[in-house]
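Trainee: Have a look at this one.
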Ligand SMILES: Cc1ncc(COP(=O)(O)O)c(C=O)c1O
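In our numbering, the protein residues as written are -11 to 332.
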């Protein structure tokens, strides 16, 4: 039996308060714009992130997709980090459904894209090349162990894009983790970008949903694409109600996830066969290395011990989240220690 599921913060279940709010939610038909709970959530989110308007979408992937479709046309180019989620884990949706070209830029180990690399990647006006329209950046940066990119760095990347006439989108699936880790208002991190996707169903622990925010005009366009993608979702206030609870009660508590991740990483650093730098861990994602070709074996042995993590050849990940107790984390650390001794 699995006791501790550390595959992702997406495995979280709604809190009792969320379930109550969902039960009691005031509803309407959101395709007519009539759902008061959705409207309230969209407005709250836009205000928090310092933008004009918001749009409730079914997932982070859909939020990024409608944003790219709203910012860029068929045949246009979007600059992305080569290690980002949009590039590597969203099934190439913007390329398939929008005929948009994704152009990857080298990402440093902290998830940052050097402004000069951004500027150099923008294509000159030349009909041999796709016109570069958008820069998409990510914070926290999942592949860099959830690194939080600070406001100054966010501004530097966004300025580089704007200087070249691009719009700038932020995949802020975990932007509240970044704000908590850096101890700044979230709007400080979103101030310089034109649009943001953030996820309700990760560290904020909602069962479903993400929000896109941006200007009124951009959100109208994103809404059109959302409809086309089949996500005009009627009485969706039943889900949005959990989002309102999350924005009230789940942001500050993410510090606990960050502290747990740092603690786990420091214990892992003492284990034979694991390579991890606890100092690198700022939020709730721990990426670590194990000897080549042992990752899948470690993951399946851990599962037998009651701890669930995703497998892989030698790069593994643990994500801390709501619903896991300190005892559960200690249980997971002991199981990992046992398994690593066996492997050695
Ligand atoms: C950085 C980042 N962006 C976007 C997504 C996509 O979110 P969803 O799983 O809701 O589609 C994820 C999911 O893990 C993510 O880590």
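Glycine residues also receive a C-beta, built at the ideal position from the N, C-alpha and C atoms.
Return the CA-CA distance between residue 146 and residue 242, expressed in angstroms with no decimal places.
Mentor: 26 Å
Trainee: Run through the DSSP bridge pairs and tell me what residue 53 is partnered with.
Mentor: The partner list for residue 53 (beta bridge, DSSP) is empty, contrary to what the question assumes.
Trainee: Is any non-hydrogen atom of ligand 3 found closer than 6 Å to the C-beta of residue 73, if you look at the structure I gave you?
Mentor: For ligand 3, the structure offers nothing, since it holds only ligand 1.
Trainee: Roughly how many angstroms separate the alpha carbons of residue 216 and residue 143, rounded to a whole number?
Mentor: 33 Å
Trainee: Where do the N-terminal and C-terminal ends of the beta strand (DSSP E) with residue 201 fall, by residue?
Mentor: Under the DSSP assignment, residue 201 falls in the beta strand (DSSP E) whose first and last residues are 198 to 202.
Trainee: What runs of the beta strand (DSSP E), each 3 residues or longer, lie entirely inside the stretch 54 to 120?
Mentor: 65 to 69, 89 to 93
Trainee: Let me know the secondary structure DSSP gives residue 277 once reduced to three states.
Mentor: strand
Trainee: Can you give me the C-alpha to C-alpha distance between residue 347 and residue 148, rounded to a whole angstrom?
Mentor: It is not possible to answer for residue 347, since the shown part of the chain is limited to -11 through 332.
Trainee: Quick check on the burial criterion: 16 or more other C-beta atoms within 10 angstroms. Buried or exposed for residue 214?
Mentor: With 16 or more Cβ atoms within 10 Å of its Cβ, residue 214 is classed as buried.
Trainee: Who are the near neighbours of residue 103 in its chain, counting only those whose CB is closer than 6 Å to its CB and skipping five residues on each side?
Mentor: 144, 148
Trainee: Following the continuous alpha helix (DSSP H) through residue 246, name the residue where it begins and the one where it ends.
Mentor: From DSSP, the alpha helix (DSSP H) with residue 246 extends over 242 to 256.
Trainee: Sorry if obvious, but does the Cβ on residue -7 come closer than 6 Å to a heavy atom of ligand 1?
Mentor: no
Trainee: Beta-carbon separation of residue 278 and residue -8 under 7 Å?
Mentor: no
Trainee: Contact check, residue 90 vs residue 66 under 8 Å by CB: the rounded distance?
Mentor: 6 Å
Trainee: Give me the residue from 283, 83, 318, 136 with the minimum Cα distance to residue 328.
Mentor: 283
Trainee: Have a look at residue 71 and residue 127 and give me their C-alpha separation to the nearest angstrom.
Mentor: One alpha carbon belongs to residue 71, the other to residue 127, and they sit about 12 Å apart.
Trainee: Any chance you could list the beta strand (DSSP E) runs of at least 3 consecutive residues sitting entirely within the stretch 281 to 317, in chain order?
Mentor: 303 to 307
Trainee: Candidates 259, 261, 253, 311: which alpha carbon is nearest residue 268's?
Mentor: 253
Trainee: Using the three-state DSSP reduction, which class does residue 217 fall into: helix, strand or coil?
Mentor: coil
Trainee: Strictly under 7 Å for the Cβ-Cβ distance: is residue 283 near chain D by that measure?
Mentor: This model lacks chain D altogether; it includes just one protein chain.
Trainee: Grouping DSSP H, G and I as helix and E and B as strand, with all else coil, what is residue 326?
Mentor: helix
Trainee: Might you give, ordered along the chain, the residues of its own chain that have their beta carbon closer than 8 Å to the beta carbon of residue 200, omitting 5 neighbours on each side?
Mentor: Cβ-Cβ distances below 8 Å link residue 200 to 42, 43, 45, 51, 54, 55, 183, 184, 185, 207, 210 in the same chain, with the five nearest sequence neighbours on each side left out; the list follows chain order.
Trainee: Among the candidates 112, 24, 125, 35, whose CA atom is the shortest distance from the CA of residue 73?
Mentor: It is 125 whose Cα lies nearest to the Cα of residue 73.
Trainee: On the three-state DSSP scale, how would you describe residue 185?
Mentor: strand
Trainee: Just checking residue 161 against ligand 1 - is the residue's beta carbon closer than 6 Å to any of the ligand's heavy atoms?
Mentor: yes
Trainee: Checking the sheet assignment: what are the DSSP bridge partners for residue 126?
Mentor: DSSP lists 159 as partners of residue 126.
Trainee: Might you give, ordered along the chain, the residues of its own chain that have their beta carbon closer than 6 Å to the beta carbon of residue 196, omitting 5 neighbours on each side?
Mentor: Cβ neighbours of residue 196 beyond the five flanking positions: 189, 227.
Trainee: Should residue 0 and residue 231 be called a contact, given that it needs their Cβ atoms to be closer than 7 Å?
Mentor: no
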